[in-house]
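Asker:
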Amino acid sequence: MLICLNYYTTRQVTTPKRRVAQPPKGETFMTGQTPPPDTQVPAQHPAQPKTPLWKSIAATLTEDIAEGRYIPGDKLPTEAQLAARFGVNRHTVRHALKDLSDLGLILSRRGAGVFVRQKPADYPLGRRVRFHQNIRAAGRLPSRRLLTHETRAADAEEAAALALPAGAPIHVAEGLSLADGLPVAYFRSAFPADRLPDMLTRLAELSSVTAALKACGVPDYTRTSTRITARRATATLALHLQCREGDPVLRTVSVSHDPDGQPVEYGRTWFAADRVTLTLGPGDAE
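The sequence shown runs 1 to 286 under UniProt numbering.
As C-alpha cells, then:
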C-alpha cells in the first residue's frame, strides 16, 4: 500500500492569537468588560451651585432701593405682593426681607409693614428742647399722639423732681412723638396739678407741651437737667414704637423750670435708637 504524504497533509494550521488589551498599571478590568478606548476622558467638574432664590430677590430689592425706585420712608409691597412678583412663596420673601433688615436697609414696623430705613434725625438736647422745632430742623414732619392722661398722687421720684410734697396731685400724660408718621419716641410727662390745673386739657387740644404751658401761663421754660441711659425695648415699648422687643432704646429723664426757677415738667422719654441721634452743642453738657 502506497501512502502519499505531501505539504498539505502534513502542515499544521494554526489560528493567530487575539491580542487582548491590558489594563493600565495598577488597574484591572472586570471579566467581560469592554476596555476603554485609547482616548483621554475629560475631567469631571462638580456642578456650580445655583444662587438661592431669596438671595436673588434680596439683590433685586437692594437694586430697587439704590436706584431710587423706593426712597427712604417708602413702604415696600406686602409679602403677598412680592411673592406674586417673584413667583415664590412668602417664606422665601420673608428670608429676603430679613437679609435686607440685617443690612440696615429696611425697617419692619409692627402692624404697619416694611419701610425703607431713613437716616436717624438729629435731636439736640440743649436748655431749650422743643420737639416740633427739632424734628422740623431735621426735615421731617412732627406730630404728637396723646395715648393716656390722668391726675393722680405723685410717687416719691416725681414729687422730688417737681419739688412737691409726697402724694401731691400731678397731671401725667403719656403718648408718642412721631416724625413723618413714624414713632420716634414714647414720652411720659408729669406736671404740678395745683399750679397748672388745665394742663391736660390744653395738651389734648394743642398736642404740644410748649404751647400748652404757654396757654397755662408759662411763657417760657428751660431744661435744667437731662440724664441719658441705654435700655432694651420691652414688649410694651416695642408695641408703641413699632420695633422689635429687645431693640435698643435711649431713655432720657429730665426736669424743666420756668423763668422763676419753679419746676414745671418732669419728663421721661424712650427714643428708638435707630431713628434718633441725640446731640449736644457747645455748653449743653455743662
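Note that CB positions come from ideal geometry on N, CA and C, so glycine has one too.
Between which two residues does the alpha helix (DSSP H) harbouring Asp122 extend?
Answerer: Run containing Asp122: none in the alpha helix (DSSP H); it sits in the beta strand (DSSP E), 121 to 124.
Asker: Give me, in chain order, the residues of the same chain whose beta-carbon lies closer than 6 Å to that of His171; leave out the 5 immediate sequence neighbours on both sides.
Answerer: Around His171: Thr151, Phe191, Ala193, Met199, Leu200.
Asker: Using the Cβ count rule (16 or more neighbours within 10 Å means buried), how would you classify Glu67?
Answerer: So Glu67 ends up on the exposed side.
Asker: Identify every run of the alpha helix (DSSP H) within the stretch 150 to 230, keeping only runs that are complete inside it and at least 4 residues long; order them along the chain.
Answerer: The stretch 150 to 230 contains these whole alpha helix (DSSP H) runs: 156 to 161, 199 to 206, 209 to 215.
Asker: With a CB to CB cut of under 7 Å and the five nearest residues on each side skipped, what residues in its chain are close to Arg11?
Answerer: In this prediction, Arg11 has a pLDDT of 46, which is less than 50 and means its spatial position is unreliable; what the coordinates show is noted afterwards. Result list for Arg11: empty, nothing under 7 Å.
Asker: For Ile57 versus Ala96, is the C-beta spacing smaller than 8 Å?
Answerer: In contact: Ile57 and Ala96 (Cβ atoms closer than 8 Å).
Asker: With DSSP run on the structure shown, which of helix, strand or coil describes Leu107?
Answerer: Note: Leu107 maps to strand in three-state DSSP.
Asker: Counting Cβ pairs closer than 8 Å, one from the stretch 268 to 276 and one from the stretch 178 to 190, do we hit at least three?
Answerer: Yes: at least three Cβ pairs fall under 8 Å.
Asker: From Thr236 to Thr148, what does the alpha carbon distance come to, in whole angstroms?
Answerer: Cα-Cα distance, rounded: 14 Å.
Asker: How is Glu63 classed by DSSP in three states: helix, strand or coil?
Answerer: Helix, per DSSP.
Asker: Give the DSSP-derived three-state secondary structure of Arg94 in the structure shown.
Answerer: Of the three classes helix, strand and coil, the one that applies to Arg94 here is helix, per DSSP.
Asker: Run the CB neighbour count on Ala212, radius 10 Å, all protein chains shown included, and call it buried at 16 or more, exposed below.
Answerer: Buried, because 16 or more other Cβ atoms sit within 10 Å of the Cβ of Ala212.
Asker: If we ignore side chains and look at the alpha-carbon of each, how far apart do Ala166 and Lys214 end up?
Answerer: About 27 Å.
Asker: Which two residues bound the contiguous alpha helix (DSSP H) that contains Thr236?
Answerer: That run of the alpha helix (DSSP H) goes 235 to 241.
Asker: Measure the Cβ-Cβ separation of Phe115 and Leu76 and say whether it is below 8 Å.
Answerer: Cβ atoms of Phe115 and Leu76: closer than 8 Å.
Asker: Closer than 8 Å by C-beta to Val218: which residues in its own chain qualify, once you throw out the five before and the five after it? Chain order, please.
Answerer: Only Leu196, Asp258, Val264 meet the Cβ criterion.
Asker: Looking at the strands, I want to know which residues DSSP matches up with Val129.
Answerer: According to DSSP, Val129 bridges with nothing at all.
Asker: Alpha carbon to alpha carbon, how far is Tyr266 from Arg127?
Answerer: If you take the alpha carbons of Tyr266 and Arg127, they lie about 14 Å apart.
Asker: Assuming Arg268 is part of the beta strand (DSSP E), what are its boundary residues?
Answerer: First-last of the beta strand (DSSP E) with Arg268: 263 to 272.
Asker: I need the boundaries of the alpha helix (DSSP H) containing Leu82, first residue and last residue.
Answerer: Counting along the chain, the alpha helix (DSSP H) containing Leu82 begins and ends at 79 to 86.
Asker: How big is the Cα-Cα spacing for Thr60 and Asp74?
Answerer: When rounded, the distance between both Cα atoms is 16 Å.
Asker: Measuring CA to CA, which of Gly246, Thr226, Leu239, Tyr221 is closest to Arg232?
Answerer: Residue Gly246 is the option with its Cα nearest to Arg232.
Asker: Closer than 8 Å by C-beta to Thr78: which residues in its own chain qualify, once you throw out the five before and the five after it? Chain order, please.
Answerer: Once the five neighbours on either side are set aside, the close Cβ partners of Thr78 are Gly113.
Asker: Quick one, are the C-beta atoms of Leu162 and Ala154 less than 8 Å apart?
Answerer: A contact, by the Cβ cut-off of 8 Å.
Asker: Are the beta-carbon atoms belonging to Arg188 and Arg268 less than 8 Å from one another?
Answerer: Contact: yes.
Asker: As a quick exercise: from Leu278, Leu141, Ile106, pick the residue whose alpha carbon is nearest that of Leu250.
Answerer: Minimum Cα distance to Leu250 is reached at Leu278.
Asker: Here's the rule: buried if 16 or more other CB atoms are within 10 angstroms of the residue's CB, otherwise exposed. What is Pro142?
Answerer: Result: buried.
Asker: Since I believe Leu105 is in contact with Ile135 (beta carbons under 8 Å), could you give me their beta-carbon distance rounded to a whole number of angstroms?
Answerer: With 8 Å as the limit, Ile135 and Leu105 do not qualify as a contact, their Cβ atoms being about 23 Å apart.
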